[in-house]
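Residue numbers (our numbering): 7 to 338. Ideal placement from N, C-alpha and C gives every residue a C-beta, glycine not left out.
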Amino acid sequence: MTRASGVGSWPGDDATDFAEAQRVVLGELDLPHLVELPGRGAPATTTGRGLALVAELGADLQPAGWRLTGGGAGVDHRRARSLLAQDLDALEEQGQGLTGPVKVQVAGPWTLAATVERPRGDKVLADHGARRDLAQALAEGVRDHVADLRRRLPDATSYVVQVDEPALPGVMAGRVPTASGFGRHRTVHPPEASALLEEVLGAVVAAGAEPWAHCCAPSEDGAVLRLLRGAGARGLLVDADLLTAADHDQLAESLEAGGTVGLGLVAHGAPVPTDTTLVERVERWCDLVGLDLEAHAGGIVLTPACGLAGAAAGAARRTCTTLASAARALTP
Numbered sequence: 007m008t009r010a011s012g013v014g015s016w017p018g019d020d021a022t023d024f025a026e027a028q029r030v031v032l033g034e035l036d037l038p039h040l041v042e043l044p045g046r047g048a049p050a051t052t053t054g055r056g057l058a059l060v061a062e063l064g065a066d067l068q069p070a071g072w073r074l075t076g077g078g079a080g081v082d083h084r085r086a087r088s089l090l091a092q093d094l095d096a097l098e099e100q101g102q103g104l105t106g107p108v109k110v111q112v113a114g115p116w117t118l119a120a121t122v123e124r125p126r127g128d129k130v131l132a133d134h135g136a137r138r139d140l141a142q143a144l145a146e147g148v149r150d151h152v153a154d155l156r157r158r159l160p161d162a163t164s165y166v167v168q169v170d171e172p173a174l175p176g177v178m179a180g181r182v183p184t185a186s187g188f189g190r191h192r193t194v195h196p197p198e199a200s201a202l203l204e205e206v207l208g209a210v211v212a213a214g215a216e217p218w219a220h221c222c223a224p225s226e227d228g229a230v231l232r233l234l235r236g237a238g239a240r241g242l243l244v245d246a247d248l249l250t251a252a253d254h255d256q257l258a259e260s261l262e263a264g265g266t267v268g269l270g271l272v273a274h275g276a277p278v279p280t281d282t283t284l285v286e287r288v289e290r291w292c293d294l295v296g297l298d299l300e301a302h303a304g305g306i307v308l309t310p311a312c313g314l315a316g317a318a319a320g321a322a323r324r325t326c327t328t329l330a331s332a333a334r335a336l337t338p
């Protein structure tokens, strides 16, 4: 069956908003996910959530952003861990008896390396050893995270970990600015980029979950999706409006190989389309890439184009409802 899911983020800035958002997601989506509310501040953003999982590395929040400390966790790092634990408690409470799949999201190793500074300044991205250490710590944290999720929701049929890599195209193209803003970090070539991704995606598999990757930033020649597939991502989540011809080919090949494709169809800030419109878009996409929709419907997941943090709560809720309705209509 075709499924509906979310990318992760949701509007709101407190525990009440979180609880309501999680209820909507659990009630409406075939593949519910742990909701993220970045409106609560830096500890709840993609980078903050990623650092909350990092084992054996401390961080603190500086005016320029997150920085590794080389020692213990700072107050904001501890708050990030506390928020994640509270959110998992709420998911466990609301998800009792959940017998379908469930998804969680985590920042990928390259996005963390491009957004977190070393103790002595500049991004982790600038230091081969530091970015390897960060990826290994993240992999260990992901293994613990999946084990915790399996303990909390033991009746779920499957567990999915979505590795978010919005910075990966910039890392591969040498577009990430240095701390001074006057230069750019060197391009990271595919073999090295793949090695760190394999570390984290492999940890997901070792923990008994399915590794997906999400990147809604455009890339050239399908390079990012090709890299993610080669590194072990069994699901690819994209913004359908930003795909190149080579991206379409990569997604079609993934579906034909038994993988999952998450088509981001509802753009942030635009009116929520009807379920009929979404169905027609999926049908046109399958025609474009030369795939039989009925044969591959089970590998397609309908999602927003990116996170919903900037949407109104009502629009976010309508997006979920419409995606779920379209997914049902597409199921053979």
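Kindly indicate which residue of 121, 237 and 232 has the alpha-carbon position closest to the one of residue 183.
-> Numbered from its first residue, the sequence shown carries residue 183 at position 177. Among 121, 237 and 232, the Cα nearest to that of residue 183 belongs to 121.
How about residue 181: is its Cβ closer than 6 angstroms to a heavy atom in the ligand GTP?
-> Annotation note on the ligand GTP: not contained in the displayed structure, which lists no ligands.
Under three-state DSSP, which class holds residue 220?
-> Looking up residue 220 in the sequence shown gives position 214. The answer is strand: DSSP assigns residue 220 an E or B state.
Could you give the C-beta distance for residue 308 and residue 230, rounded to a whole number, given that I count them as a contact under 8 angstroms?
-> Taking the first residue of the sequence shown as position 1, residue 308 is located at position 302. Taking the first residue of the sequence shown as position 1, residue 230 is located at position 224. Rounded to whole angstroms, the Cβ separation of residue 308 and residue 230 is 21 angstroms, and the two are not in contact under 8 angstroms.
Identity of the residue in 244, 236, 126 and 264 nearest residue 311 by Cα = Taking the sequence shown and counting its residues from 1, the one referred to as residue 311 is at position 305. Looking from the CA of residue 311, the closest CA among 244, 236, 126 and 264 belongs to 244.
Which of helix, strand or coil does DSSP assign to residue 255?
-> Within the sequence shown, residue 255 is the residue found at index 249, counting from 1. DSSP, read as helix, strand or coil, puts residue 255 in helix.
Are there 16 or more other CB atoms within 10 angstroms of the CB of residue 24, so buried, or fewer, so exposed?
-> Translated into the one-based positions of the sequence shown, residue 24 becomes position 18. Under this definition residue 24 is a buried residue.
Whole-number beta carbon distance between residue 113 and residue 55, since they are thought to touch under 8 angstroms | On the sequence shown, position 49 is the one that residue 55 refers to. On the sequence shown, position 107 is the one that residue 113 refers to. The distance from the Cβ of residue 55 to that of residue 113 is about 6 angstroms, consistent with a contact at the 8 angstroms cut-off.
Contact under 7 angstroms by Cβ, residue 271 with residue 284 | To locate residue 271, count along the sequence shown from 1; it is residue 265. To locate residue 284, count along the sequence shown from 1; it is residue 278. When the beta-carbon positions are compared, residue 271 and residue 284 come within less than 7 angstroms of each other.
Have a look at residue 214 and residue 95 and give me their C-alpha separation to the nearest angstrom.
-> For the purposes of this step, residue 214 is taken as residue 208 along the sequence shown, with counting starting at 1. For the purposes of this step, residue 95 is taken as residue 89 along the sequence shown, with counting starting at 1. The alpha-carbon atoms of residue 214 and residue 95 are separated by roughly 21 angstroms.
Alpha helix (DSSP H) segment containing residue 295, residue limits | As a working note, residue 295 is residue 289 in the sequence shown. Where residue 295 is concerned, the enclosing alpha helix (DSSP H) stretches over 281-295.
Ordered along the chain, which non-local residues of its own chain (more than five positions away) have a Cβ less than 7 angstroms from that of residue 232?
-> Here the question's residue 232 lines up with position 226 in the sequence shown. These residues qualify, in order along the chain: 256.
Measure the C-alpha to C-alpha separation of residue 67 and residue 128 and round it to an integer number of angstroms.
-> Taking the sequence shown and counting its residues from 1, one reaches residue 67 at position 61. Taking the sequence shown and counting its residues from 1, one reaches residue 128 at position 122. Their backbone Cα atoms lie some 14 angstroms apart in a straight line.
Check whether the region 25-43 touches the region 79-88, taking contact to mean three or more Cβ pairs, one atom from each stretch, closer than 8 angstroms.
-> Contact between the region 25-43 and the region 79-88 is absent, because fewer than three Cβ pairs lie under 8 angstroms.
Could you give the distance in angstroms between the alpha-carbon of residue 133 and the alpha-carbon of residue 116?
-> If you number the sequence shown from 1, residue 133 lands on position 127. If you number the sequence shown from 1, residue 116 lands on position 110. About 12 angstroms.
For residue 32, the first and last residue of its enclosing beta strand (DSSP E) | As a working mapping, residue 32 is identified with position 26 in the sequence shown. Where residue 32 is concerned, there is no enclosing beta strand (DSSP E), although the alpha helix (DSSP H) around it starts and stops at 21-34.
Going by beta carbon distance, what residues of the same chain come within less than 6 angstroms of residue 91, once the five residues before and after it are set aside?
-> Here the question's residue 91 lines up with position 85 in the sequence shown. Here the set comprises nothing.
Residue 294 burial status per 10 Å Cβ neighbour count (16 or more: buried) | Working through the sequence shown from its first residue, we reach residue 294 at position 288. Here residue 294 is exposed, its C-beta having fewer than 16 other C-beta atoms within 10 Å.
Give me the Cβ distance between residue 118 and residue 53, rounded to the nearest whole Å; I'm assuming they're in contact under 8 angstroms.
-> Taking the sequence shown and counting its residues from 1, one reaches residue 118 at position 112. Taking the sequence shown and counting its residues from 1, one reaches residue 53 at position 47. Beta-carbon to beta-carbon, residue 118 and residue 53 are separated by about 6 angstroms, close enough to satisfy the 8 angstroms threshold.
Determine the DSSP secondary structure at residue 60, reduced to helix, strand or coil.
-> On the sequence shown, position 54 is the one that residue 60 refers to. Note: residue 60 maps to coil in three-state DSSP.
Rounded to a whole number of angstroms, what is the C-alpha to C-alpha distance between residue 212 and residue 124?
-> Here the question's residue 212 lines up with position 206 in the sequence shown. Here the question's residue 124 lines up with position 118 in the sequence shown. Spanning the two alpha carbons is a distance of roughly 29 angstroms.
Would you kindly work out how many angstroms separate the C-alpha atoms of residue 64 and residue 74, rounded to a whole number?
-> Position 58 of the sequence shown, counted from the start, is the residue given in the question as residue 64. Position 68 of the sequence shown, counted from the start, is the residue given in the question as residue 74. Whole-angstrom Cα-Cα distance: 6 angstroms.
Roughly how many whole angstroms lie between the Cα atoms of residue 335 and residue 325?
-> If you number the sequence shown from 1, residue 335 lands on position 329. If you number the sequence shown from 1, residue 325 lands on position 319. The alpha-carbon atoms of residue 335 and residue 325 are separated by roughly 15 angstroms.
Whose C-beta lies closer than 8 angstroms to the C-beta of residue 148 among residues of the same chain, with five residues either side of it excluded?
-> Mapped onto the sequence shown, residue 148 falls at position 142. Excluding residues up to 5 positions away in sequence, 59, 112, 167, 206, 209, 210 and 213 lie with their Cβ nearer than 8 angstroms to the Cβ of residue 148 in the same chain.
Who pairs with residue 39 in a beta bridge, going by DSSP?
-> Taking the sequence shown and counting its residues from 1, the one referred to as residue 39 is at position 33. Paired residues: 109.
Decide if residue 7 is buried, meaning its Cβ has at least 16 other Cβ atoms within 10 Å, or exposed.
-> The sequence position of residue 7 within the sequence shown is 1, counting from 1. The residue is exposed, with fewer than 16 neighbouring Cβ atoms inside 10 Å.
With DSSP as the reference, label residue 3 as helix, strand or coil.
-> Because the chain here runs from 7 to 338, residue 3 falls outside it and cannot be looked at.
Comparing alpha-carbon positions, which option in 238, 138 and 321 lies nearest residue 204?
-> As a working mapping, residue 204 is identified with position 198 in the sequence shown. Selected option, being the one with the closest Cα: 238.
Return helix, strand or coil for residue 117, following the three-state DSSP convention.
-> For the purposes of this step, residue 117 is taken as the residue at position 111 of the sequence shown. Judged by DSSP in its simplified three-state form, residue 117 adopts helix.
Could you pull the start and end residues of the alpha helix (DSSP H) that residue 325 belongs to?
-> Mapped onto the sequence shown, residue 325 falls at position 319. It spans 319-336 - the alpha helix (DSSP H) in which residue 325 sits, taken as one unbroken run.
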